[in-house]
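See structure below.
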Amino acid sequence: MRNTRNRLLIVDAPGGPAPSVYLPMLSDEFEVGVALVVSENSVVLEERLNFLGERVQVYIIENRLNLKEELEEISNLFNAEGLLAFSERIVHDVNEVARKLNLPSNPTWVQKCLYNKEHQRTALSHGGLVIPKVYKILDYPDLKAAAKEVGFPAVLKPLIGIGSLSTYEVQSIEELEEIYYTAIDLYKTDARIQAVPNFLLEEKIPGFNWHGDDRYGDHVSVESIVSNGEIVHLTVTDKLPLAFPFRETGDIMPTILSDFQVENLYKEAELAIRALGIEVGAVHTEIKLTKEGPRIIEVNGRVGGGITEMLSYSADYNIINELAKVAVGMPLSKKKPDFKSYCGFFTPQPPALDIELEKVPNLDELLAMESVREAVIVYSVGMKPDWKIGTGSNLLRVLAVSDNKEEILALGTRLINLSLFSFK
Numbered sequence: 001m002r003n004t005r006n007r008l009l010i011v012d013a014p015g016g017p018a019p020s021v022y023l024p025m026l027s028d029e030f031e032v033g034v035a036l037v038v039s040e041n042s043v044v045l046e047e048r049l050n051f052l053g054e055r056v057q058v059y060i061i062e063n064r065l066n067l068k069e070e071l072e073e074i075s076n077l078f079n080a081e082g083l084l085a086f087s088e089r090i091v092h093d094v095n096e097v098a099r100k101l102n103l104p105s106n107p108t109w110v111q112k113c114l115y116n117k118e119h120q121r122t123a124l125s126h127g128g129l130v131i132p133k134v135y136k137i138l139d140y141p142d143l144k145a146a147a148k149e150v151g152f153p154a155v156l157k158p159l160i161g162i163g164s165l166s167t168y169e170v171q172s173i174e175e176l177e178e179i180y181y182t183a184i185d186l187y188k189t190d191a192r193i194q195a196v197p198n199f200l201l202e203e204k205i206p207g208f209n210w211h212g213d214d215r216y217g218d219h220v221s222v223e224s225i226v227s228n229g230e231i232v233h234l235t236v237t238d239k240l241p242l243a244f245p246f247r248e249t250g251d252i253m254p255t256i257l258s259d260f261q262v263e264n265l266y267k268e269a270e271l272a273i274r275a276l277g278i279e280v281g282a283v284h285t286e287i288k289l290t291k292e293g294p295r296i297i298e299v300n301g302r303v304g305g306g307i308t309e310m311l312s313y314s315a316d317y318n319i320i321n322e323l324a325k326v327a328v329g330m331p332l333s334k335k336k337p338d339f340k341s342y343c344g345f346f347t348p349q350p351p352a353l354d355i356e357l358e359k360v361p362n363l364d365e366l367l368a369m370e371s372v373r374e375a376v377i378v379y380s381v382g383m384k385p386d387w388k389i390g391t392g393s394n395l396l397r398v399l400a401v402s403d404n405k406e407e408i409l410a411l412g413t414r415l416i417n418l419s420l421f422s423f424k
């Protein structure tokens, strides 16, 4: 019988749950080390380092560009039996290192499908899923051919994206030509991404509101875990309407959709996961709701933003510990999410304008709101949030829990309508 703990190395980078969230969720089955990737935000870095340094062995990765080389060395020093990352900025590189070290991981071609939208669409099509028409854009001369192939309305998006950066709906070739260089410039100057600014033009998927309530969006996500090819669906997460152009504003779980609709969503997510060949890890599948049925927007090989906390609050489910088991090759527990309440994760977005904030709710005001459990103020008075960076431009991050789904929905609607803010 094994009497030593499984050696788990967590690779921590901006994005995903903070150490104060994930570390207490790990059981005594694990001997934990953390490889901390230095970020551009020195305040956040110091906070993370201070918290981790008192609790676990910490290794510093100074240069994001050398992450794979440094992580391989650290993994060997720590004698890691599994690697686990939550941030979409690094999850693919971490998988590559795990693969090289013969630790639980996805094959390289699978991971390529998870971060490259062209490869993903091709694999989904080969797997029998309905996908929109797409055309790869490498340079300006490709725009006319893309427009002819795909038609309009369409969506311009990076091949390798993050947080809806440089993603726009376009209605004509003139609009496509006008927005193309803007999208390139934004992509090149964003510190979160290190990739060539190549794009896809994709046929817009027409949405339909399955909820019968305009306060909900026409898309959802399915949260799943895969362990040795076994797929476990955890829940469907409802979404609030997107802010222009494609910025996330809020999630609510569990869904209010019918069991029949949920089953159809699970089937679509499972088909996608199988088509992509995913063997291990978290899967966050974004799905458009249409009159013809569910359609895949994209499949992500990570936990969705806020999902860790939402599952914990509303269903007493510890997704961190389950993913740690997957990372070291242990079987999943038999426990499934047991929803006792509704949880909302809200990220109100600034208007698509150049603004300066004049009024921002304070922390006490937010925490005094009924059902609010946690709140983070991202931008304070006098600051100028840049809507063009995508979902990362959110003004607040708020977690709320209630037995009353209407209370959660009403709070989310109030927050994203920006009635608590003023700006010039």
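For the sequence shown, the residue numbers in full-length UniProt numbering are 1 to 424. Glycine included, every Cβ here is placed at the ideal spot set by N, Cα and C. Note that the structure is a prediction, hence the values are computed from the model and not measured.
Have a look at the DSSP bridge pairing and note the partners of leucine 411.
-> By 1-based counting over the sequence shown, the position of residue 411 is 411. According to DSSP, which records beta bridges pairwise, leucine 411 is partnered with nothing at all.
Between the stretch 116-131 and the stretch 159-173, do at least 3 Cβ pairs fall closer than 8 angstroms?
-> The way I'd put it, the stretch 116-131 does touch the stretch 159-173; three or more beta-carbon pairs between them come closer than 8 angstroms.
Contact belief for leucine 311 with isoleucine 319 at Cβ below 8 angstroms, rounded distance in angstroms = As a first step, residue 311 is located in the sequence shown; it is residue number 311 there, counting from the start. As a first step, residue 319 is located in the sequence shown; it is residue number 319 there, counting from the start. Rounded, the Cβ-Cβ distance is 5 angstroms, consistent with contact.
Is the beta carbon of tyrosine 22 within less than 6 angstroms of some heavy atom of the ligand MN?
-> Annotation note on the ligand MN: not contained in the displayed structure, which lists no ligands.
Reduced DSSP category for proline 24 - H, G, I as helix; E, B as strand; rest coil | Reading the sequence shown from its first residue, position 24 is the one you call residue 24. Helix.
Do serine 166 and tyrosine 187 come within 7 angstroms of each other at the CB atom, strictly closer than that value?
-> In the sequence shown, residue 187 corresponds to position 187, counting from 1. In the sequence shown, residue 166 corresponds to position 166, counting from 1. Yes, Cβ-Cβ distance for tyrosine 187 and serine 166 is below 7 angstroms.
If I'm right that threonine 249 touches proline 348 with Cβ under 8 angstroms, what's the distance once you round it to whole angstroms?
-> Walking along the sequence shown from the start, residue 249 turns up at place 249. Walking along the sequence shown from the start, residue 348 turns up at place 348. The pair is a contact, with the Cβ atoms about 6 angstroms apart (cut-off 8 angstroms).
Identify every run of the alpha helix (DSSP H) within the stretch 133-193, keeping only runs that are complete inside it and at least 4 residues long; order them along the chain.
-> Assignment of alpha helix (DSSP H) within the stretch 133-193, counting only whole runs of 4 or more residues, yields 142-150, 173-189 in chain order.
Can you tell me the Cβ-Cβ gap for isoleucine 256 and lysine 405, rounded? I've got them flagged as a contact below 8 angstroms.
-> Working through the sequence shown from its first residue, we reach residue 256 at position 256. Working through the sequence shown from its first residue, we reach residue 405 at position 405. Going by Cβ atoms, the distance from isoleucine 256 to lysine 405 rounds to 6 angstroms, so yes, they are a contact pair.
For tryptophan 109, does the count of other Cβ atoms within 10 angstroms reach 16, so buried, or fall short, so exposed?
-> By one-based count along the sequence shown, residue 109 stands at place 109. Classification of tryptophan 109: exposed, given that the 10 Å Cβ count is below 16.
Using the Cα positions of methionine 1 and alanine 85, report the straight-line distance between them to the nearest angstrom.
-> As a position in the sequence shown, residue 1 is number 1, starting the count at 1. As a position in the sequence shown, residue 85 is number 85, starting the count at 1. Caution applies to methionine 1, whose pLDDT of 43 falls short of 50 and renders its modelled position unreliable; the model cannot decide the point.
Return no unless some Cβ of chain C is closer than 7 angstroms to the Cβ of valine 196.
-> No chain C appears in the structure shown, which is made up of a single protein chain.
Among all the DSSP beta bridges, which residues are the ones paired with valine 283?
-> As a working mapping, residue 283 is identified with position 283 in the sequence shown. In DSSP, valine 283 forms a bridge with Ser224.
Contacting residues, own chain, Cβ-Cβ under 8 angstroms from valine 372 (five flanking each side not counted) | For the purposes of this step, residue 372 is taken as the residue at position 372 of the sequence shown. Counting only Cβ-Cβ distances below 8 angstroms, and skipping sequence neighbours, we find Leu366, Val398, Leu399, Ala400, Leu411.
Helix, strand or coil for glutamine 349, going by three-state DSSP, please let me know.
-> Position 349 of the sequence shown holds residue 349. In the structure shown, glutamine 349 sits in coil (DSSP, three-state: anything other than H, G, I, E or B).
Which of the three DSSP states, helix, strand or coil, is assigned to glycine 392?
-> The residue labelled residue 392 in the question sits at position 392 within the sequence shown. Glycine 392 falls in the helix class under three-state DSSP.
Identity of the residue in Val280, Val262, Arg55, Ile90 nearest residue 494 by Cα = Coverage of the chain is limited to positions 1 through 424, which leaves residue 494 absent and any answer about it impossible.
Mark glutamine 111 as exposed unless 16 or more other C-beta atoms lie within 10 angstroms of its C-beta, in which case mark it buried.
-> In the sequence shown, the residue the question calls residue 111 occupies position 111. Burial call: buried.
Per DSSP, cross-strand counterpart(s) of tyrosine 342 = To locate residue 342, count along the sequence shown from 1; it is residue 342. In DSSP, tyrosine 342 forms a bridge with Ser402.
In whole angstroms, what is the alpha-carbon distance linking leucine 23 and asparagine 63?
-> Taking the sequence shown and counting its residues from 1, one reaches residue 23 at position 23. Taking the sequence shown and counting its residues from 1, one reaches residue 63 at position 63. Those two C-alpha atoms are separated by around 24 angstroms.
Bridge partners of histidine 233, per DSSP?
-> By one-based count along the sequence shown, residue 233 stands at place 233. Partner(s): Ser224.
What residues match up with tyrosine 59 in a beta bridge as DSSP calls it?
-> Against the sequence shown, residue 59 aligns to sequence position 59. In DSSP, tyrosine 59 forms a bridge with Ala35.
Decide if lysine 239 is buried, meaning its Cβ has at least 16 other Cβ atoms within 10 Å, or exposed.
-> Within the sequence shown, residue 239 is the residue found at index 239, counting from 1. Its Cβ being crowded by 16 or more others within 10 Å, lysine 239 is buried.
Which residues bound the alpha helix (DSSP H) around isoleucine 319?
-> For the purposes of this step, residue 319 is taken as residue 319 along the sequence shown, with counting starting at 1. Unbroken alpha helix (DSSP H) run through isoleucine 319: 319-328.
Starting from alanine 85 and walking both ways along the beta strand (DSSP E), at which residues does that stretch end?
-> Mapped onto the sequence shown, residue 85 falls at position 85. 82-85 is the span of the beta strand (DSSP E), which, as asked, contains alanine 85.
Use the C-beta contact count for aspartate 364: other C-beta atoms within 10 angstroms, 16 or more gives buried, fewer gives exposed.
-> Counting from 1 along the sequence shown, the entry for residue 364 is found at position 364. Exposed, because fewer than 16 other Cβ atoms sit within 10 Å of the Cβ of aspartate 364.
Valine 130 to valine 262, Cα distance in whole Å?
-> Position 130 of the sequence shown, counted from the first residue, corresponds to residue 130. Position 262 of the sequence shown, counted from the first residue, corresponds to residue 262. Roughly 18 angstroms separates the two Cα atoms.
Could you check if serine 258 is buried or exposed, using at least 16 other CB atoms within 10 Å of its CB as the buried criterion?
-> Taking the sequence shown and counting its residues from 1, the one referred to as residue 258 is at position 258. Exposed, since its Cβ has fewer than 16 Cβ neighbours within 10 Å.
Tell me where the beta strand (DSSP E) around phenylalanine 199 begins and ends.
-> Counted from its first residue, the sequence shown places residue 199 at position 199. Note, phenylalanine 199: beta strand (DSSP E), 199-203.
In angstroms, rounded to a whole number, what distance separates the CA positions of histidine 92 and aspartate 12?
-> For the purposes of this step, residue 92 is taken as the residue at position 92 of the sequence shown. For the purposes of this step, residue 12 is taken as the residue at position 12 of the sequence shown. Cα-Cα distance, rounded: 13 angstroms.
Can you tell me the Cα-Cα spacing of phenylalanine 339 and phenylalanine 51, whole angstroms?
-> Walking along the sequence shown from the start, residue 339 turns up at place 339. Walking along the sequence shown from the start, residue 51 turns up at place 51. Computed Cα separation, rounded: 30 angstroms.
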